[in-house]
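Take a look at the structure set out below.
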């Protein structure tokens with residue numbers, strides 16, 4: 001077995017690109033294999049290991065205190081893998097939460113629209129007097145405003161609303177409680 005000479009950390013710290021290239025060639029494949037055990041995706045492992053080498057080059061001055069460069073590289077890759085996994089979990093949780101929230105919002109919107117459709121179809125079946133009064137009432141008009149607009153008494157408005165409520169209650173059952181006008 002041929003043993004390669006150890007990497008000259010002093011020359012690496014000094015910015016010798018040939019030493020850095022030798023370090024990269026020596027460790028890149030094994031660091032990729034190591035990272036894959038954590039992140040389970042080769043593309044992510046490659047990105048992590050490349051980031052580690054960039055960081056080593058950019059902060060090579062910090063290598064002065066490193067006694068075991070090999071252990072240092074593996075430790076850096078391990079930490080980067082943990083950071084990657086943490087970021088993926090946060091991204092996954094946020095996406096899931098957003099999706100669940102959207103599902104709830106969409107479902108609520110569907111329920112609202114479907115309920116409105118059902119109520120309006122029942123309102124359309126009301127006798128004309130009750131339909132005119134009730135339509136205005138659900139738009140927020142007061143009994144006096146409805147009476148003035150339709151040229152009827154307030155008592156007639158109240159009676160027409162009462163008739164409309166009775167029909168809606170019969171037809172809507174428990175759903176009617178949401179429409180207490």
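In full-length UniProt numbering, the protein residues as written are 1 to 181. Beta carbons: idealized from backbone N, C-alpha and C, even for Gly. Quick caveat, the model's predicted, so the values are computed rather than measured.
Check the C-beta distance from residue 42 over to residue 48 and give it rounded, since I have them as a contact under 8 Å. The pair is not a contact, with the Cβ atoms about 11 Å apart (cut-off 8 Å).
Would the segment 155-174 and the segment 119-128 be scored as touching if the rule is three or more Cβ pairs under 8 Å? yes
Rounding to the nearest angstrom, what Cα-Cα distance links residue 146 and residue 162 in this structure? 14 Å
Cβ separation of residue 57 and residue 20, assumed to be a contact under 8 Å, to the nearest whole Å: 6 Å
Neighbour-count burial assignment, residue 3, 16 or more Cβ in a 10 Å radius: Caution is warranted here: a pLDDT of 45 is assigned to residue 3, below 50, making its placement in the model unreliable, and the coordinate value is therefore given only provisionally. Residue 3 should be labelled exposed.
Whole runs of the alpha helix (DSSP H) within the segment 60-110, excluding any shorter than 4 residues: none
Would residue 93 be called buried (16 or more neighbouring beta carbons within 10 Å of its own) or exposed? exposed
What does the alpha-carbon distance come out to for the pair residue 28 and residue 44? 14 Å
Distance check for residue 32 and residue 14, CA to CA, integer angstroms please. 26 Å
Would DSSP call residue 1 helix, strand or coil? Unreliable positioning characterises residue 1 in this predicted model, as indicated by a pLDDT of 39, which lies under 50. A coordinate reading is not provided.
State the Cα-Cα distance for the pair residue 11 and residue 59, rounded to the nearest angstrom. 14 Å
Specify the secondary structure class of residue 165 as computed by DSSP and reduced to three states. helix
In chain order, what residues of the same chain have a beta carbon less than 7 Å from the beta carbon of residue 171, not counting five sequence neighbours either side? 122
Under the rule that 16 or more other beta-carbon atoms within 10 Å means buried, what is residue 54, buried or exposed? exposed
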